[in-house]
Structures are given as C-alpha cells and as structure tokens.
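This report concerns only the one structure given below.
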Amino acid sequence: MRKGLIAALLLLVTTVLYACGGNEEGGASSDGKVTLDFWVFGATNYESLAEDYMEENPDVEINIKNSELGDHHNSLFTAISAGTGAPDLAMVEVDQLDRYREAQDRFVNLYDMGAEDIQDQYLDWKWNMAENGEGDFLFGLPTDIGPKAMYYHTEVMSNAGLPTDPEEVSSLISTPDEFADAANTVLEETGKPMVDSMEMAFRAHMDALEVSYFNRDGELLIENEDNGVKEAYDYAVKLQQQGVVGEYEMWTPEWANALNEGGFAVEMAPAWLKGYMTENAPDGAGDWRVTKLPSDFAGNWGGSYVTIPAETENKEAAYDFAKWMLSPENQLKSFTESGLFPSTPATYEMEEFKNNEDEYFGGQNTAAVFAEAAQEIPAVYKGPNYVTVNDEILTALTNVQEGGDPEEEWNAAVTRIKDILKR
Numbered sequence: 007m008r009k010g011l012i013a014a015l016l017l018l019v020t021t022v023l024y025a026c027g028g029n030e031e032g033g034a035s036s037d038g039k040v041t042l043d044f045w046v047f048g049a050t051n052y053e054s055l056a057e058d059y060m061e062e063n064p065d066v067e068i069n070i071k072n073s074e075l076g077d078h079h080n081s082l083f084t085a086i087s088a089g090t091g092a093p094d095l096a097m098v099e100v101d102q103l104d105r106y107r108e109a110q111d112r113f114v115n116l117y118d119m120g121a122e123d124i125q126d127q128y129l130d131w132k133w134n135m136a137e138n139g140e141g142d143f144l145f146g147l148p149t150d151i152g153p154k155a156m157y158y159h160t161e162v163m164s165n166a167g168l169p170t171d172p173e174e175v176s177s178l179i180s181t182p183d184e185f186a187d188a189a190n191t192v193l194e195e196t197g198k199p200m201v202d203s204m205e206m207a208f209r210a211h212m213d214a215l216e217v218s219y220f221n222r223d224g225e226l227l228i229e230n231e232d233n234g235v236k237e238a239y240d241y242a243v244k245l246q247q248q249g250v251v252g253e254y255e256m257w258t259p260e261w262a263n264a265l266n267e268g269g270f271a272v273e274m275a276p277a278w279l280k281g282y283m284t285e286n287a288p289d290g291a292g293d294w295r296v297t298k299l300p301s302d303f304a305g306n307w308g309g310s311y312v313t314i315p316a317e318t319e320n321k322e323a324a325y326d327f328a329k330w331m332l333s334p335e336n337q338l339k340s341f342t343e344s345g346l347f348p349s350t351p352a353t354y355e356m357e358e359f360k361n362n363e364d365e366y367f368g369g370q371n372t373a374a375v376f377a378e379a380a381q382e383i384p385a386v387y388k389g390p391n392y393v394t395v396n397d398e399i400l401t402a403l404t405n406v407q408e409g410g411d412p413e414e415e416w417n418a419a420v421t422r423i424k425d426i427l428k429r
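Each number in the numbering used here comes from the position in the sequence shown (counting from 1) with 6 added on.
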C-alpha cells in the first residue's frame, strides 16, 4: 500500500508539472486552450487580426513578438539551428527565405497540412518561390508582395516638356532605351536627375531577373554572359555616365527631402513606398503619380511568408490561424489598415480595392497599377547569400559614382564575392 501511495503521488506531481509546463512552451494548457507564439517584423496589422481571431476562437491565445527585421531573422535562424526556442509561427522576408532552405527539416511542410487546397488563392510566382527545388515542400504561406511601378513627379516631368498623365507617361517610357532618352530630356530641361540613386538604377533590371546571383545548386552565376546581372550593372553605369543618376541614398533625410521637393523625376519602387511617402514627404502630396514600369523592369521587391517551425506542438492550430489570416478577405484588411499589398488576386476584384483612391497621388487609384504589375512578375530564386552578394555589387556601383572605373570595380566586386563565399 505504501509503495502504491508513493507511486500515485509521483504520478500526480508529474501530471501537474506537465500541465503547467505545456503552456510555457506554447502547447495546450490545462484548460485545453492552445497558445501560439508568432514572431513578426515591421509594420503590419497582424496584432489586430490576431485579436479578431481570438474572439472567434476563444480556445486559442496568440502571443505576437515584433522585432527589427535583422534581429528577427537572426533570432529565428539561431532557434531553428539549436532545435529549441522557435515560435509556433514566424514571418520570413522574401530575400531571407533561401537562407533557410538548407534547414528544410526544421519547418513544417505546409503541403502536409493541405496547403494545396488553397494554392489557387495566391499569385503563382509568389507561391512557387516558397517551394523547394523539387516542388514537394512548401515553406510558408504568402503574405504581402512588393510589385514595382514608376513613381514620377508631375512638376518635374511638366517642366521637362514631358507628359504627366499616367497612360501617356507609360506610352512614352515603355523600354529601357526610352527611359534613358526621357532621362536626358529631364536633365537638359530641368537640371535634375531622372532617378535618385545607383541602387535604383541597378534594381530596375535586377529585380526582373528570374535567376539572380545563384542557381538552385548554389552555383554563382554573375560571370555568365546570359545571366543578366552584368547587364543590370552596365545599365546603371550607362545612366550614371549620362549624368541622370542622383546621389540620394534611400531612407536618409536628404532622400526624403528630395521626395518632398521633387529633387528627381522618377522613383522605380514597390507599392510599400506609398506609405513612407505619405508620412515622410508630406509636401509632395498631389505632385506624384504612379504608372507602369517598362516591361523589362517588371519585378518584385519585398514581401514575406508565414512559416511554421517544426518544433511546434500545435502545427494544426498554427496552420489554421495562418490560413485564416492570409485569406483574400484578410489581406484586404492588411492592405487598407497597413498598406501591405495583397498576394491574393481575388482581393484585386473586391469593391474596396477597386474603388481605392490615394489622396496623396491626386486621387489616383494606384492600387490598380500595382495589381497589374503584380501579375507580370517572374518567380525568382535568390539564394542563401543573396544579401551578401548584392551588397558587394552596390559597393562597386557606389565606387563608380565616385569616379572608379566600371570594369575594374565590377572585377573587384566579383573577387570579393568569391572570397566571401569560400569562407
């Protein structure tokens, strides 16, 4: 009897400890409530959507941790590498996604969760970028995207004797050569640069490449003649040599002031720039419009996915929440509340989206321009070292702008890149 009593007491203590510990690890609590930890970054409305979801699903509690983009991805990579400490759900930015491909086993395959049933809700290229090379593993569900278009300052264009109507501007500037020609006109007539920086001139071509610096086997491609990276580099150099590239580094006060005052004619940028301009360049209100980029420049910059790390004890609950949060209806909410551009084409047909008017852009429905651009974007493979390689190319372009020889700077960048990748 004494041994039986001791065994019973030990079982009781173990049960209590397990029930208490389960909630701390994001599992089910003793009352059956599921707690999900969700790591995010940036300005989203996901906290608001989580509140709505919890009201509809009182058995689910969602804890959101919002960190700076770099810290977020470093913390997530550390956690999944250690096999402990990862959340139940985590955002992964598109430029960072390939960094995690070698750790595929540390994530839940969303195809195992039935994700193919909702695949048709999303843009094909956005969905395909989240697959592995074989196409049988899905890392995450698509959140927002960053389709690019051409922002242009109407006063600068008018002073250059160029049209200011979006359709007319698009017709005038429909190829890279026509862009360069218009840039010369702007410089000659106004003394202002066409584009703000070497980075933006480079990204014009770069963001449109289906394969950028690496192929899926990890092979560095930038020296291949048909790769397109050198073409993008050479185009930026060409514009710089024409004198039509400014020296406004993105996110600096000088850049914001140039947006305010029309210090340059064109910004080739994603949909998310609208929010920044509205808040940080208020004097530019009414002077900017948006139109299509030349077809060779169609590309995406930005956007994310929601992944489910494999160590979660609540993958079904995590997937149900992610699927709900990223539905066409809720992507409309994210667009109207936080400016996150939808990756769900059905959202583009919703009345609130179709009737959207941007007061900052003179009442223009800029959403329609970006929606059209979103459906012309290729699926891009960037590779786990994309950011590292890209930084070296941008360094070369900066050196060219400061007087460096373009070919010498290109070759030096290639050498640096190869050295870095050997480490």
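All residues carry an ideal CB built from backbone N, CA and C; glycine is no exception. All of these numbers come straight from a predicted model, not from anything done at the bench.
| Query | Result |
| --- | --- |
| Taking all protein chains shown into account, do 16 or more other C-beta atoms lie within 10 angstroms of the C-beta of Trp257, making it buried, or fewer, making it exposed? | exposed |
| For Phe359 and Asp171, I'd like the C-alpha separation in whole angstroms. | 22 Å |
| So what does Glu137 bridge to, in DSSP terms? | Leu144 |
| For Asn165 and Glu195, what's the separation of their Cα atoms in angstroms? | 7 Å |
| Would Glu229 be called buried (16 or more neighbouring beta carbons within 10 Å of its own) or exposed? | exposed |
| To the nearest angstrom, how far is it from the Cα of Gly141 to the Cα of Arg105? | 17 Å |
| Can the beta-carbon of Phe145 be found less than 8 Å from the beta-carbon of Leu103? | yes |
| Please name the residue in Leu147, Gln127, Val98, Val243 whose C-alpha comes closest to that of Asp118. | Leu147 |
| Threshold first: 3 residues or longer. Then list the beta strand (DSSP E) segments lying entirely within the segment 29–117, N to C. | 40–47, 66–73, 95–99 |
| According to the Cβ coordinates, are Thr297 and Val175 closer than 8 Å? | yes |
| Cβ atoms of Ser203 and Tyr392: under 8 Å apart, would you say? | no |
| What I want to know is whether the C-beta of Asp302 ends up closer than 7 Å to one or more non-hydrogen atoms of the ligand MN. | Annotation note on the ligand MN: not contained in the displayed structure, which lists no ligands. |
| Which residue from Ser54, Lys71, Asn51, Gly48 puts its Cα closest to that of Leu42? | Lys71 |
| Could you round the C-beta distance between Ile399 and Tyr239 to whole angstroms and report it? I think they count as a contact, below 8 Å. | 7 Å |
| Using only CA atoms, which one of Asp364, Ser340, Phe367, Pro334 lies nearest to Tyr354? | Pro334 |
| On the criterion of 16 or more Cβ atoms from any shown chain inside 10 Å, does Gln381 qualify as buried, or is it exposed? | exposed |
| Would DSSP call Met156 helix, strand or coil? | strand |
| Where Tyr128 and Thr350 are concerned, what is the direct C-alpha to C-alpha distance, given to the nearest angstrom? | 4 Å |
| State whether the segment 411–422 contacts the segment 325–340, with contact taken as three or more CB pairs (one from each stretch) at a distance under 8 Å. | no |
| For Gly305, which residues in the same chain have their Cβ closer than 7 Å to its Cβ, ignoring the five residues on either side in sequence? | Lys154, Asp213, Ala214, Ile383 |
| If you drop the 5 nearest sequence neighbours on each side, which residues of the same chain put their C-beta closer than 6 Å to that of Gly27? | Per-residue confidence for Gly27 stands at a pLDDT of 38, beneath the threshold of 50, marking its modelled position as unreliable; the derived number appears in the next sentence. Hits under 6 Å: none found. |
| Where does Asp411 fall in DSSP's three states? | coil |
| Are at least three pairs of beta-carbons, each pair with one atom in the segment 288–295 and one in the segment 361–368, less than 8 Å apart? | yes |
| Using a Cβ-Cβ cut-off of 6 Å (strictly less than) and excluding sequence neighbours within five positions of Gly32, which residues of its own chain qualify? | Bear in mind that a pLDDT of 45 at Gly32, under 50, signals an unreliable position, so the model cannot answer this. |
| Which class does Met274 belong to by DSSP, given the choice of helix, strand or coil? | strand |
| Would you mind sorting Gly309 into buried or exposed? The rule is 16 or more other CB atoms within 10 Å of its CB. | buried |
| Express the C-alpha separation of Met356 and Val420 in angstroms, rounding to a whole number. | 47 Å |
| Tell me which residues share the same chain as Met135 and place their Cβ nearer than 8 Å to its Cβ, disregarding the 5 neighbours each side in the sequence. | Val100, Leu103, Ala385, Val386, Tyr387 |
| Measuring only the C-alpha atoms, how far is Asp302 from Glu216? | 12 Å |
| In three-state terms, what does DSSP make of Trp131? | helix |
| Taking only three categories from DSSP, how would you classify Gly27? | Below a pLDDT of 50, predicted positions are generally treated as unreliable, and Gly27, at 38, falls in that range; the measurement from the model is reported next regardless. The answer is helix: DSSP assigns Gly27 an H, G or I state. |
| Taking the alpha helix (DSSP H) that Val251 belongs to, which residues open and close that run? | Segment: none, Val251 is in no alpha helix (DSSP H) and carries neither H nor E. |
| Could you check how far apart the C-beta atoms of Thr161 and Gly268 are, in whole angstroms? I think they sit under 8 Å. | For clarity, residue 161 is Glu in the given sequence; the question names Thr instead. Their Cβ separation, rounded to whole angstroms, is 5 Å, which keeps Glu161 and Gly268 in contact under 8 Å. |
| Note down, one range per segment and in chain order, each beta strand (DSSP E) of at least 3 residues found wholly within the segment 219–302. | 272–276, 294–297 |
| In terms of DSSP beta bridges, what is Gly309 paired with? | Ile151 |
| Please look up how many angstroms separate the CB atoms of Glu317 and Ala96, rounded, as I've assumed it's under 8 Å. | So it is not a contact: roughly 11 Å between Cβ atoms. |
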